[in-house]
Amino acid sequence: SGMIAPDMATMLVYIFTDAAADREVLQSMVSALNDQTFNCITVDSDTSTSDSLLMAATGTSGVRIDETSVGFMEALRRVMLDLAHQVVRDGEGATKFVEIAVTGASSDADARTHAMAIANSPLVKTAIAGEDANWGRIVMAVGKSGAPADRDTLSIWFGDILVANKGWVNPDYREEDAAAYMKGQELCIAVDLGLGGGKAHVWTCDLTHGYIDINADYRS
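Residue numbering for the sequence shown follows this note's numbering, beginning at 100 and increasing consecutively.
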């Protein structure tokens, strides 16, 4: 997959249920969950010109759902999140699936801005491809995002490895531990801004020679 970035992506998504539901109920659910799933993925930061997410309720089961059907909505969230993750895992040339988790932002919107800045940074993505725990590039992406940040309250983890704590390198940090972690195919980079309660999660992949080869070697 390529040309994958919010809002939506180059894809057609069809979800079917045998439940019965009014159009307004499904629209409300899908719109809310889309902001937690498909609008939280990026492969290459390029927003598609063509995409659709459609959900159809056939009603054949005879079970009716409404806005209070929290169990159905949670099941739908899991389905949409799994499909969104599959898009990232299938990123052109991708070898690693990466979660970016931002906490401690001034607001959820600011947290999302920081998370997408990290996830879309070519320098961050190529460092991930090279299995380099380059936390300086994380700091760079946070700084360029435009959302509020303070170096002296910033902490960064690669997995459960605390790399930087409140603006300074963790004295217990060992590069060999981070290097070993970066060899995995599923990674999490966590950033706490220390400013408030805002949080966000987005998902991305690495940027490899394979992505360049795919997109340089054909005409559309």
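Ideal Cβ placement from N, Cα and C applies to all residues, glycine included.
Scanning the segment 115-163 for uninterrupted beta strand (DSSP E) segments of 3 residues or longer gives 150-156, listed from N- to C-terminal end. Closest option to Ser244, judged by alpha-carbon separation, among Ser127, Ala183, Met215 and Val129: Met215. For Gly203, the enclosing beta strand (DSSP E) starts and ends at Phe196 to Ala204.
Pairing Ala183 with Ala156 gives a Cβ-Cβ distance that is not under 8 Å. Lys298 places its beta carbon less than 8 Å from that of Thr202.
Using a Cβ distance threshold of 8 Å, Ala210 and Ala218 do not count as a contacting pair.
Under the criterion of beta carbons closer than 8 Å, Ile227 and Leu286 qualify as touching, at roughly 7 Å. In this model, Ala279 and Ala232 are separated by some 9 Å (Cα to Cα).
Listed in chain order, the non-local C-beta contacts of Thr303 below 6 Å within the same chain comprise Thr141, Val197 and Ala218, local neighbours out to five positions each way being set aside. In the DSSP annotation of this structure, Thr167 is not part of any beta strand (DSSP E), being labelled neither H nor E.
Around the beta-carbon of Ile260, 16 or more other beta-carbon atoms lie within 10 Å, marking it buried.
Spatial neighbours of Trp234 in its own chain (CB-CB distance under 7 Å, excluding positions within 5 residues in sequence) are listed in chain order as Ile255, Val262 and Ala263. Non-local C-beta neighbours of Ala246 in its own chain, meaning closer than 6 Å and more than five positions away in sequence, comprise Asp209, Thr212 and His213, ordered along the chain.
Across the set Val129, Phe171, Thr116 and Met110, the C-alpha of Met110 shows the shortest separation from the C-alpha of Ser149. In the DSSP annotation of this structure, the continuous segment of the beta strand (DSSP E) that includes Gly297 starts and ends at Gly297 to Cys304.
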